[in-house]
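Note that the sequence shown covers residues 28 to 368 in my numbering. Working notes, beginning with the structure itself.
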Amino acid sequence: MSRVTGHATAKAAGFRMPAEWETHARCWMQWPHRDDFIWPDLGRTQAAYANVAKAIRRFEPVTLVVCEPALADAQALCGSGIDYFLAPLDDSWARDSGPTFLKSGAELAASVFQFNAWGGKYESCRHDAALGHRIAETLGIRTFSADLYLEGGAIAVDGEGTILTSEQCILNANRNPGLTKPEAERLLCEALGGEQVLWVPGDPEDGETDGHIDALACFAKPGVVLCAVGPQALPERRRCLGENWRALAAATDAKGRSLELVPIEEAHDAQATSDIYCRSYVNFYIANGGIVFPSFGTDTDRAAQETVRNLFPNRVLAPVDVSDIAPGGGGVHCITQQQPA
């Protein structure tokens, strides 16, 4: 049985969210199963999810949350090297509806944010809204219910007290109406054990996640941020993403450091197959000893891979085609959630 806190916050109890590059016990994913939902071709999307799961399994254990009617299909595509966790599901974005894991010394806990399906964009979300607590209860870990509506893709941390997020998502009236920036900062720090919040404006073209940070920027190590930029060939897109760059260039982290920013262009030459297609190369997963990296089969892949290899020289780069995940509005990072060791 998980132990739900009374009035203590995660920070007051001594917990923090580790950086993604810290050692993992496993990765959690959720299996796509609804053919009445957002996927143009569910079978192809399931095969792509399976490829991501198998790529991560090269580096660390993977637990796939799957609803019982879809278990046989998941096992057939993913194989016996994956662990399976039966639970009712609405959707398949583990980053957003799964628990956000925390640590205090050797003790594991979780912050569970309020979930309303990306600002009420989808009606059915009760199973996914309950998933964070369900997983925490199964693991027998302490849980902290955070008083914020947000998804895990909206936050990134450096493990040293700095939280990165976007105004467009956290301060959106479809999630937290009337919330002020200082109040949001307090709640984020309490939930994640942070000391300072860095804000970017977001992405006005993203009407699906409302500017999730994991498509815009991520920490590569403390003080170093990989930041999505628009291509020279699309000046308006470059101007839009440039606002995030300028916000980070003017910021200092929880340790007082100015940030080193590393640019990475989006996959602008990828052929979009939906109105919410995600072209981000920032949306990758840092595994134990590896980087599971989005590939689009386009000319931009090579430069993006080289940028990330240079940032993570001691990790194996494992590209995975996301052409059948991107139509849902996300990528590799969106469908994964790390559990710290």
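By construction, the Cβ of each residue, glycine as well, lies at the ideal position given by its N, Cα and C atoms.
Query raised in the report: Out of curiosity, what's the CA-to-CA distance linking Ala297 and Asp118?
Result: 25 Å
Report task. Helix, strand or coil for Gly179, going by three-state DSSP, please let me know. Result -> helix
Query - Local conformation of Trp226 per DSSP, three classes - result: strand
Query raised in the report: If we count the other Cβ atoms within 10 Å of its Cβ and call it buried at 16 or more, is Pro209 buried or exposed?
Result: Counting Cβ neighbours within 10 Å, Pro209 comes out exposed, since fewer than 16 surround it.
**Report entry** Delimiting residues of the alpha helix (DSSP H) encompassing Pro209
**Finding:** For Pro209, the enclosing alpha helix (DSSP H) has its first and last residue at Lys208 to Leu219.
Requested in this report: With DSSP collapsed to three states, give me the class of Lys38.
Outcome: coil
Query raised in the report: What did DSSP end up calling Lys248 once you bin it into helix, strand or coil?
Result: strand
Requested in this report: Could you check the C-alpha separation between His154 and Leu69 for me, to the nearest Å?
Outcome: 20 Å
**Report entry** Residues near Asp241 in its chain [Cβ-Cβ closer than 6 Å; skip 5 each side]
**Finding:** Excluding residues within five positions, the ones whose Cβ falls inside 6 Å are Gly180, Asn310 and His360.
Query raised in the report: With 16 other CB atoms within 10 Å as the buried threshold, where does Thr363 fall?
Result: It counts as buried.
Query raised in the report: Should Asp302 go down as buried or exposed, given a rule of 16 or more other Cβ atoms within 10 Å for buried?
Result: When all chains shown are included, Asp302 counts as exposed.
Query raised in the report: If we ignore side chains and look at the alpha-carbon of each, how far apart do Gly106 and Gly357 end up?
Result: 24 Å
Query raised in the report: What did DSSP end up calling Gly356 once you bin it into helix, strand or coil?
Result: It is coil, neither helix nor strand.
Requested in this report: Could you check how far apart the C-beta atoms of Trp55 and Val93 are, in whole angstroms? I think they sit under 8 Å.
Outcome: Actually they do not touch by this definition, with Cβ atoms about 11 Å apart.
**Report entry** CB-CB length for Ala281 against Thr189, believed under 8 Å
**Finding:** 4 Å
Query raised in the report: Any idea if Phe246 is buried or exposed, counting beta-carbon neighbours within 10 angstroms, 16 or more meaning buried?
Result: buried
Query raised in the report: Across which residues does DSSP place Phe112 in a beta bridge pair?
Result: Val92
Query - Beta-carbon proximity list for Trp272, same chain, < 8 Å, skipping 5 on both sides - result: Cys254, Val256, Leu288 and Pro290
**Report entry** Residues that DSSP places opposite Gly317 in a beta bridge
**Finding:** Ala314 and Val343
**Report entry** Residue interval of the beta strand (DSSP E) (run including Glu263)
**Finding:** Premise fails: Glu263 lies in the alpha helix (DSSP H), Pro262 to Ala276, not in any beta strand (DSSP E).
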